[in-house]
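Below is one structure, written out as structure tokens; comments come after it.
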């Protein structure tokens, strides 16, 4: 094991929190105009709501596995709708951000909320009963 192995749970929690916060920020920009122009076209607004809601759920660790699966799917769809028509390679079609969100979210979907999450607090509460 690596020299950070004893911090695996905390590092995963930070990974989930940071990705959730960044993703929620993308959604907040699209639907609320925070940090950039508010979107008005239907598809970006729908994507923005998905990003905002799933990002917050991932951030706080509430149903994070399901939220991450939805977020991963949204990023895959975004890549193929918005970027792939301009060429296959992400560096050439500017789709690297979609890819860089898609696969960590897929990992989170398999891993779940982990520690430092509402789901973890709920599990520990249920175990005490």
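In my numbering, the protein residues as written are 48 to 176.
Positions of the beta carbon are idealized from the N, C-alpha and C atoms, including for glycine.
C-beta atoms of residue i and residue j nearer than 9 Å
i	j	result
residue 105	residue 70	yes
residue 101	residue 115	yes
residue 67	residue 82	no
residue 112	residue 74	no
residue 148	residue 137	no
residue 108	residue 163	yes
Boundaries of the alpha helix (DSSP H) in which residue i is found, first to last residue
i	result
residue 166	165-175
residue 158	143-158
Coil, strand or helix - residue i by DSSP
i	result
residue 87	coil
residue 69	helix
residue 119	helix
residue 136	coil
residue 109	coil
residue 97	helix
residue 49	coil
residue 81	coil
Chain C within 9 Å of residue i, Cβ atoms only
i	result
residue 112	The displayed structure is made up of one protein chain only, and chain C is not part of it.
TODO: Tell me, please, whether the stretch 126-133 touches the stretch 95-102 by the rule of three or more beta-carbon pairs shorter than 8 Å.
DONE: The stretch 126-133 vs the stretch 95-102: no contact.
TODO: For the stretch 53-69 and the stretch 150-161, state whether three or more C-beta atom pairs, one from each stretch, are separated by less than 8 Å.
DONE: These segments touch.
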